[in-house]
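Chains as they are written, first to last, in my numbering: chain B, 1 to 884; chain R, 1 to 99. Ideal placement from N, C-alpha and C gives every residue a C-beta, glycine not left out. Keep in mind it's a predicted model, so treat the numbers as computed, not measured. Read through the structure below, which is laid out as C-alpha cells, and then see the notes.
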Ligand SMILES: [Zn+2]
Ligand SMILES: [Zn+2]
C-alpha cells in the first residue's frame, strides 16, 4: 500500500514537475516547480531520470516543431527566391533566428531551472545538457535544410543586406566635407561602383539616395515593418530602445548607434527603417552568439567578405595601373568591412535583449574577434590583389613605366604572399602567347623585353624572377634574324639627339641616377628603345641583395648583348648597315657622313672606341674617295664615249668593310668599262703604290630610259642591271646565252638580274624562239610614267623579300579582320575576347574565312589596343573612346 | 634589223672598288695580317699602316719592320741584310698607254 501510495505520490509529483516544465513561455520566465513535488521525485531517486525525460522532450520539440518552423519561413525562398528578394531573405532570416532562439532559450531556461532545483548541484551532467541541446539543434538545422533551398546563398544574402545597411549608415553619418577633394578618399559602398575620386566630383547624392530608398518603409513593399510580424517589429524596437538607452554601457559597439534624430525617430518614437534594420541585425547577431551558433553563419560571412573584397578589388583595380591601389583597398577594408565586423562582434557581446532577461544561458561563444578577421582579410586582399596583378602582369609590363604604381603594389603583395613562382609562370606564359609570335615586330619584342626587365626589377631586385621569365624571350630573340639589326637601329635612330649619349657600359657605379629612365615616367613615347636601353637599376636597389644583385646591376643593353654572348655582333651589324647605306641605291654621293659620324660616336660610347675603329675607316674611305674623285676628275680631260661627270668611284679599305663579293667575272658595259680603266690608271698614278680592285657588282646607277617614245626618269638600279639595259640599247634583241657570255655571268644568274626589267615590262621574252631570247618591249604598258624605285632583288635578300611578302599578306588579312572587329564593336559596345572570337567564327566564312586561334585573336586585339585603336578594360574590348 | 627601241641615258654611275698595295705579297711576313689591312697597333689601314719594300723585294708594314729592325738587321723572310727600296716598283700600266 505504502508502495502504491508512494508510487501514486511519485506519479503526481512527476506529472506536476513535467507539467511545470512544459509550461514554458516565450519570452521565458523561469518555471516554478512545486518544491514538495521536487522533493518526492528527488527522494524516489528519479531526479536524473526526470531531467533526462524533459531533455528528451525538448529534443523532440526541436526536431518536430522548431526546426521545421525555422525552415518553413523560407518556403518562398526555394529555387533561387532568396536571390530575387534579398530584403525578404534578410527579414526571414532574422525572424527565423529570432523565433528559434526565443524558443530555444525558453527551453534552456526551463531546463537549467529544472536541473538547478531538482539536481541541486549533485547531478553528474548538470550544466552540460543545454550546450548539448543547442549544438543538437544547430546540427539538426543544417541536416534538415529543405531541398531546393540554398542555405549558403540565403545566409550570404542576409550578411550582404546587413552590410549594405551598415554602409548606408556609415554614409549617412560620415561628416560632410565641403570640397570633394578630401584628404581621405571618400568611398562608397555598394556594387563596387566606388567613385574614382581624385579630381572627380564625388556624387553627393549617391549614398543618400540609397539610404533614402532603404529608409522608405514599405515604399516598395520590402520595408522591415511590412515583412516582419508586429511581434518581431516590437521586439526589434525594444532592443533598439534598450541599446539606445544603454548606449553608454556599450561604448565598444562598432556601429555608433546615435540616438539622435535619424529619420524622425526622436519625435514620433518610430525608428527609421534603416535604424530598425540595424537593430534587427544586431539583435540577430546577439541571438546567434547566445545560442553559440556563430559557426552556423560564419562560413557564409567569410564567403560574403571575400566576395565583397574580390568584387571591390576587381572593379576598382583591374587594369588601373597608373596609381597605387592596394592601399586604397586596404583602406576600404578597414573603413567599411572591419567596422562592420566590429559591430557584429560587439552585438554578440550585448547583454541587452528582449527575451533574454534572466535567462542564465552559458556564456556566448564569440565569433572570431575582429583582429583575427583583420589579419585574415588583409591576407586575402594581398592574395586576391596579387593574383589579379599577376594575371595582368603582361599588360602592366606593356604599360611600363606608366604602370610603376601597379608594380609597387604587386611587390608589396608578394612580400606577404610569396606568389613568385605563380607570377613567373603566368608572365612567362603570357609572354609566350602574346609576345613571341610571328606577327609581332622584333622591335616590339625588344621593347617589351626591356620593359619586362625594368618592371621585374621593381618587383624583385635580385633578378631571380627575371631569370625565370627571360629564357624563352631570349631564345626567341636570338632566333629572330633582325634582332641585332633592330637594336643597333634603335641606338642610332636616336643618336641624333645628343642628350641620349649618356654612358651605358661605363663600368662602375650607377651614380648618374638620371640614368634610371623609369623614375621619370612618361618618357616612353619620346625615345622608345634607346631611352630604355639606357636604363639601369639604381645602385642602391641593387646593393640590397648582395651577390645576386650582380645580375641585376648590368644595364639593359648588356643584358641584351648577353643574349648573343658578345658585343661584336652589334658592331658588325652596324658595319653592315653602314655599308648598305654607303653602297646602297642612293649611292655614296647622297650619303650623309656627318650624320653617320654622330652615330659612330654614340656607338663608341656604348661599345668602346676600338670596336668602332673599322667603321671610322669606312667613313674615312668615303671622304677620301670624294677627294680623290675631285682630284682625278680635274686631272682627266673630258673624253667622248665615257661617262665623265656622271661617274664616281668609292674606294674601300677592304679589311674594314664587311666581306665584299668576289665578282671578277662580271663585265660592265664597255662604255663604263672605259671609264673604269681610265679611273684605275689615274688612281694608280696618283696613289702609287696603291692600285684598285673593282667590285663591279657593287654600286648604284641612276638612269633615264626611253622606250617607244615614253621616257622613264631616274631609274635606280645596280651596275649589272644597268649593263643589261645598255646592251639592249645597243642591240634590241639578245639570246640569253649570248648576253651571259658577254657579261661574264652564267645564264641563270643573268635571267635573275633581267627579271628586274622583265617585271617592269621594259624587256620581254621572245615567244617561240629556239633558245631563250629577250628583246626590248615595243612600248611601255599602262604605268609608263611610273617612277620605278628599283631595288636589287638578285643578290641575297631572297629571304627578306619572301618574308616581306608574307608580312604584307598578313597585314592585308589583319586589315579585314580589324575592320570587321571595329564594326562589331561599334554596334555592340564592349565585348570580351571569347565573344569576339565566337562572332568572328560565326560571321567570317567563305573566302575570308576566319581561322585564327583565340590566342592569336587576343594578340591582334592587344596590338590594336597598343595602337590606340581599341580599349581594353574589365576584360572587355571596346572602340577607343568614341572619337567624337 | 629594226632600230633598237631603247635609249638609255646614264645620269649617275657610282662604282665601287677596293684598293690594295702594288705588292707581290698579300700578307705581312711579320704580323701575318693583310698588307692592305691594319698593322698591329695602327689606327687603320692605308696611310696609318704604310707598307715598305726592301731591296730584296719583300714587303712589310712599316710598323712591323721597324720593330723588327730594333733587334735584327736582316729581312725576316730571306735573311738577307735589310735595305729599304726607295719606292714601290712602278705601276704596271702608265697613263700614256691610254688610247
Ligand atoms: Zn705587319
Ligand atoms: Zn727579303
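At a cut-off of 8 Å between beta carbons, residue 12 (chain R) contacts chain B. In terms of beta-carbon proximity, residue 656 (chain B) lines the interface with chain R, with at least one pair separated by less than 8 Å. For residue 874 (chain B), there are no C-beta contacts with chain R under 8 Å, since the nearest C-beta of that chain is about 59 Å from it. Taking 8 Å as the cut-off, the beta carbon of residue 280 (chain B) is found no closer than this to the beta carbon of residue 70 (chain B).
Residues of the segment 725-753 of chain B whose Cβ lies closer than 9 Å to any Cβ of chain R, in chain order: 725, 726, 728, 729, 730, 731, 732 and 733. Of all alpha-carbon atoms in B:320, B:373 and B:323, the one lying nearest the alpha-carbon of residue 338 (chain B) is that of B:373.
Of the candidates B:393, B:317, B:632 and B:57, the residue whose Cα lies closest to the Cα of residue 675 (chain B) is B:632. By DSSP's assignment, residue 61 (chain R) forms a beta bridge with R:51. Shown here, residue 660 (chain B) sits in coil according to DSSP, grouped into three states, outside any helix or strand. Judged by DSSP in its simplified three-state form, residue 322 (chain B) adopts coil rather than helix or strand.
The three-state secondary structure of residue 624 (chain B), taken from DSSP, is helix.
For the segment 686-743 of chain B, the continuous beta strand (DSSP E) assignments of 3+ residues that do not extend past its boundaries occur at 690-707, 710-717 and 733-735, in sequence order. For a Cβ distance threshold of 9 Å, residue set 14, 15, 16 and 17 of chain R lies close to residue 650 (chain B), ordered along the chain. Residue 133 (chain B) and residue 289 (chain B) have their C-alpha atoms roughly 15 Å apart. Closest in alpha carbon position to residue 581 (chain B), among B:608, B:489 and B:601, is B:489.
Relative to the non-hydrogen atoms of ligand 2, the Cβ of residue 54 (chain R) comes within a distance shorter than 7 Å of at least one. At a Cβ-Cβ threshold of 8 Å, residue 699 (chain B) and residue 15 (chain R) count as neighbours. A Cβ closer than 6 Å to some heavy atom of ligand 1 marks a residue here, and those residues are R:28, R:30, R:31, R:33, R:39, R:60, R:61 and R:64. Looking at the backbone, the Cα of residue 43 (chain R) and that of residue 566 (chain B) are separated by about 23 Å.
Nearest CB-CB separation between residue 778 (chain B) and chain R: below the 8 Å threshold.
If you check the CB distance, residue 13 (chain R) and residue 647 (chain B) come in under 8 Å. Among the CB atoms of chain R, none fall inside 8 Å of the CB of residue 473 (chain B).
Bridge pairing for residue 7 (chain R): B:706 [DSSP]. A distance below 8 Å separates the beta carbons of residue 287 (chain B) and residue 97 (chain B). Residue range 870-873 is occupied by the beta strand (DSSP E) that includes residue 870 (chain B). Listed along the chain, the chain R residues whose CB falls inside 7 Å of the CB of residue 401 (chain B) amount to none; the nearest CB is some 42 Å away. Residue contact with chain B for residue 68 (chain R): absent (no Cβ-Cβ distance below 8 Å to any residue of chain B).
When Cβ pairs closer than 8 Å are counted between the two stretches, the segment 871-878 of chain B is seen not to touch the segment 437-451 of chain B, the count staying below three. For residue 81 (chain R), the pairing in a beta bridge is given by DSSP as R:74. Only those residues of the segment 698-715 of chain B whose C-beta falls short of 8 Å from the nearest C-beta of chain R are listed: 698, 699, 700, 701, 702, 703, 704, 705, 706, 707, 708 and 714. Looking from the CA of residue 23 (chain B), the closest CA among B:836, B:40, B:652 and B:114 belongs to B:114.
Annotation for residue 727 (chain B) indicates a beta carbon at 7 Å or more from all heavy atoms of ligand 2. In this structure, residue 303 (chain B) and residue 236 (chain B) do not form a Cβ contact; the two beta carbons are roughly 26 Å apart against a cut-off of 8 Å.
By the rule that beta-carbons nearer than 8 Å mark a contact, residue 7 (chain R) touches chain B. Below 8 Å, too few C-beta pairs join the segment 596-609 of chain B and the segment 26-37 of chain R to call them touching: fewer than three.
Within chain B, the residues 613, 614, 617, 653, 655 and 656 have their CB atoms less than 9 Å from the CB of residue 38 (chain R), given in chain order.
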